[in-house]
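Numbers given in the numbering used here equal positions in the sequence shown, counted from 1, plus 520. All C-beta atoms, glycine included, are put in the ideal place defined by N, C-alpha and C. These figures come from a predicted structure and were not determined experimentally. For reference, the structure discussed in these notes is given below.
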Amino acid sequence: MVARVQSATTDLSERRACEVLGQPRATQRHQGTKTDTDKPLVARMHELARQNPRYGYRRIHAMLDEEGFKLGGVGAGRDRVHRLWRRHGLKVPRKVHKRRRLGTAENGITRHAAERMDHVWTYDFVKDQTTDGRPLKILTVVDEYTRECLACPVARRFTSGDVVRTLRGLFATRGVPGHIRSDNGPEFIAKQVREWLEVNNVGPLYIEPGAPWQNGVGESFNGKLRDECLNLELFTSLVEARVVIEDYRGHYNHRRPHSSLDYRTPAAFASACRRETPLRLAALACATSPADTRGLEVSSVALI
């Protein structure tokens, strides 16, 4: 074929071109019939592959051999099947691992609202990138009752182990919440995370898939973080992103008035909750009869 092209585009004859290339002239006249003879085999391979999409060429060859498939009186050997399998793009589809969905509507913010400080936390991921195009992933942890952002670690990637380490630090400094709400992200539904929460007696609240409104407090904070910080900054490095986002967390907790808290800051509201709790407990201790304590017990439980 090369010789034919050269002789057609230059003044060289076919004989001369073949001589230059060291190619026999017979190759220019031979018309291959291999493709035609392979057609029945290829057709049968396609048919078997459609019927058995998880079978590879070895198993397909075994089925052809069992059928006694012959071409010109010769069996379809494994090497021949493999060659045709690759030439025609046949392959086993990539196996898809089904994700386990744990969420239900019962775990949403409406049906399972936070009743006191550290009753329900929520965590989620926010994504951004540095100026070189490399990804940034931000884990936001928020107390749903006080609206405080408890942590905003930033990394290139997060694993379930990283999530556990973040929570372990918060549990050591802040205390253990009653529940923690999240979506069905792989880092949150991982076995390591679920077992660790169970050991610490924390009830996970997985929201229904495709229903972010069931995690309204977390989504609200993520939107504010995006609008008031991430959309205004260009991060040149991971270190810069960590510093800027941590500064925003401090501003959000201590300086930014929150409309849901009667325009108090989350830190001020949390401080008021801490001051009020001992007063309720003291009133409970001073009650003179079981009847007097019944109503106080209800109010104290709502605040502890």
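{"query": "DSSP bridge partner residues for His581 (one or two, in chain order)", "result": "According to DSSP, His581 bridges with nothing at all."}
{"query": "Nearest candidate by alpha-carbon position, reference Ala644, set Gly705, Gly653, Gly542 and Ser791", "result": "For clarity, residue 644 is Asp in the given sequence; the question names Ala instead. Cα-wise, what sits closest to Asp644 is Gly705."}
{"query": "Length of the line joining the Cα atoms of Gln649 and Glu748", "result": "16 Å"}
{"query": "Buried or exposed by the 16-neighbour rule on C-beta atoms within 10 Å, applied to Gln734", "result": "buried"}
{"query": "Whole-Å CB distance - Val737 paired with Arg667, under 8 Å assumed", "result": "7 Å"}
{"query": "Exposed unless 16 or more other CB atoms sit within 10 angstroms - verdict on Tyr783", "result": "exposed"}
{"query": "Residue environment, Gly628, which counts as buried when at least 16 other CB atoms sit within 10 Å", "result": "buried"}
{"query": "Minimum C-alpha distance to Thr739 - residue among Phe589, Lys559, Thr642 and Asp638", "result": "Here residue 739 is Glu; the residue named in the question, Thr, does not match the sequence. For the residues Phe589, Lys559, Thr642 and Asp638, the minimum Cα distance to Glu739 belongs to Thr642."}
{"query": "Same chain, Cβ closer than 8 Å to Gly695, neighbours up to 5 away in sequence not counted", "result": "Asp638"}
{"query": "Lys611 - containing alpha helix (DSSP H), residue span", "result": "No alpha helix (DSSP H) holds Lys611; DSSP gives it neither H nor E."}
{"query": "Where Asp663 falls, given that 16 or more other Cβ within 10 Å makes a residue buried", "result": "buried"}
{"query": "Distance, Cys669 Cα to Gln772 Cα", "result": "The amino acid at residue 772 is misidentified as Gln; the sequence shows Tyr. So the alpha carbons of these two residues sit roughly 8 Å apart."}
{"query": "Spatial neighbours of Ser757 in its chain, beta-carbon cut-off 8 Å, leaving aside the 5 residues before and after", "result": "Thr650"}
{"query": "Residue range of the alpha helix (DSSP H) that includes Pro706", "result": "Pro706 to Ile709"}
{"query": "Expected contact under 8 Å - CB spacing of His699 and Val640 to nearest Å", "result": "5 Å"}
{"query": "Residue burial classification, Pro573 (beta-carbon count within 10 angstroms, cutoff 16)", "result": "exposed"}
{"query": "Coil, strand or helix - Gly723 by DSSP", "result": "strand"}
{"query": "Beta strand (DSSP E) segment containing Val671, residue limits", "result": "In the sequence under discussion, the amino acid at residue 671 is Ala, which differs from the Val named in the question. It spans Cys669 to Ala671 - the beta strand (DSSP E) in which Ala671 sits, taken as one unbroken run."}
{"query": "Buried or exposed by the 16-neighbour rule on C-beta atoms within 10 Å, applied to Ala671", "result": "buried"}
{"query": "Rounded separation between Leu610 and Glu567 - CA only", "result": "11 Å"}
{"query": "Cβ shell of Arg746 (< 7 Å), same chain only, five flanking positions each side left out", "result": "Val646"}
{"query": "Ile765 - containing alpha helix (DSSP H), residue span", "result": "Leu758 to His774"}
{"query": "Where Leu604 sits in the DSSP three-state scheme", "result": "helix"}
{"query": "Pair within 9 Å by beta-carbon distance, Val713 and Val683", "result": "yes"}
{"query": "Run of the alpha helix (DSSP H) containing Val684, from where it starts to where it stops", "result": "Ser680 to Thr693"}
{"query": "Residue closest to Glu728, alpha-carbon to alpha-carbon, out of Ile709, Lys744 and Phe741", "result": "Ile709"}
{"query": "Pro655 in three-state terms, based on DSSP", "result": "strand"}
{"query": "Buried or exposed (CB count within 10 angstroms, at least 16 for buried), Glu539", "result": "exposed"}
{"query": "Phe789, DSSP secondary structure in three states", "result": "helix"}
{"query": "Best match in Arg701, Asp531 and Leu754 for proximity to Gly653 [C-alpha to C-alpha]", "result": "Leu754"}
{"query": "Which of helix, strand or coil DSSP assigns to Gln543", "result": "coil"}
{"query": "Classification of Asp531 by the beta-carbon crowding that lies within 10 angstroms, buried from 16 upward", "result": "exposed"}
{"query": "Under 9 Å between C-beta atoms of Arg600 and Leu659", "result": "no"}
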